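A short write-up of the structure that comes next.
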């Protein structure tokens, strides 16, 4: 009985080994090629058929004949495209980046730089999540725009930069709202100001200035008397920025109400301080 069990174990082990060897042989047969050109052409054929994973193997096969072969640049670019088609955006970005480093003078370099940025754009998550890939996308689009101002995809790149900056502004703005709901008015006011300072060209810039006016007034309400004036002055400064930069903002009316309140309170504080000083000077 024991010998029979051991024999069965060896049998199954042998079957497993043979399966692995056969799989390896079939894999080697599957990507067989005799030249860089043949590997590239087979890779393109599979790419067009939607067999992107196997196409990548053939494109890699081109590099067996040297990165300097005439087929290597196209293979590198198409390998990146294959990863892109598979939804492997960060891998694709890496391969597009490798293209830009290896083939600096190639005619496809502008396309590779654009698509490198596009991969980070595609990987950019919901605004509530970590925005590292969003920032990478913006940075890479800006490099592309600066280097190739006349390239055919410039308008698209500029539109995507605006979209991504709006996403970052929204994340920052909602952080300010969260601070405000928690009555952390100092943090809220500073965060709203940062929205305007960092993203003045976004949809949230004017609304953030209005919110900064409001929260500085709220911050003054929570402050000791000695610090109220400076916080009311900050509210007034942010209102003036809003009125100057965004004179047609739909948020100007709401900001004006907070501004008037800040002005009235500041005048009362200044009047009280003046009276106190006068009383001290009177013998």
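Numbering (the numbering used here), first residue to last: 22 to 304.
Even glycine gets a Cβ: it sits at the ideal position worked out from N, Cα and C.
Small disclaimer: the values here were computed from a predicted structure and weren't measured.
- Within a 10 Å sphere around the beta-carbon of residue 188 sit 16 or more other beta-carbons, which makes this residue buried.
- Distance from residue 181 to residue 162 at the Cβ level is roughly 6 Å; contact confirmed, criterion being Cβ atoms closer than 8 Å.
- Contact between residue 76 and residue 103 holds: CB atoms are separated by about 5 Å, below the 8 Å threshold.
- Counting every other CB atom within 10 Å of its CB across the protein chains shown gives residue 197 a total of 16 or more, marking it as buried.
- Spatial neighbours of residue 57 in its own chain (CB-CB distance under 6 Å, excluding positions within 5 residues in sequence) are listed in chain order as 83, 86, 90, 92.
- Secondary structure note for residue 175: its alpha helix (DSSP H) is the uninterrupted segment 175-202.
- Take residue 78, set aside five residues on each side of it, and the residues of its chain with a beta-carbon closer than 6 Å to its own are 52, in chain order.
- Leaving aside the five residues that flank residue 286 on each side, the residues in its chain whose CB is nearer than 6 Å to its CB run, in chain order, 253.
- Taking 8 Å as the cut-off, the beta carbon of residue 238 is found closer than this to the beta carbon of residue 256.
- Of the candidates 81, 121, 192, 124, the residue whose Cα lies closest to the Cα of residue 150 is 192.
- Selection 143, 288, 120, 168 evaluated against residue 158 yields 143 as nearest (Cα-Cα).
- In this chain, residue 269 is not harboured by any alpha helix (DSSP H), its DSSP state being neither H nor E.
- The continuous alpha helix (DSSP H) containing residue 155 extends over residues 153-168.
- When the five nearest sequence neighbours on each side are left out, the beta carbons in the same chain lying within less than 7 Å of the beta carbon of residue 116 are those of 97, 100, 101, 104, in order along the chain.
- The three-state reading of DSSP puts residue 62 in helix, counting H, G and I together.
- Residue 99 carries a helical assignment under DSSP once its states are collapsed to helix, strand and coil.
- Here residue 128 carries a coil assignment [DSSP, helix/strand/coil].
- Inclusion of residue 190 and residue 216 in the CB contact set at 8 Å is warranted, their separation being smaller than that value.
- Per the coordinates, the alpha-carbon of residue 136 lies some 12 Å from the alpha-carbon of residue 175.
- A direct Cα-Cα distance of roughly 40 Å separates residue 270 from residue 133.
- Taken through DSSP and simplified to helix, strand or coil, residue 107 comes out as coil.
- At least 8 Å separates the beta-carbon of residue 73 from that of residue 63.
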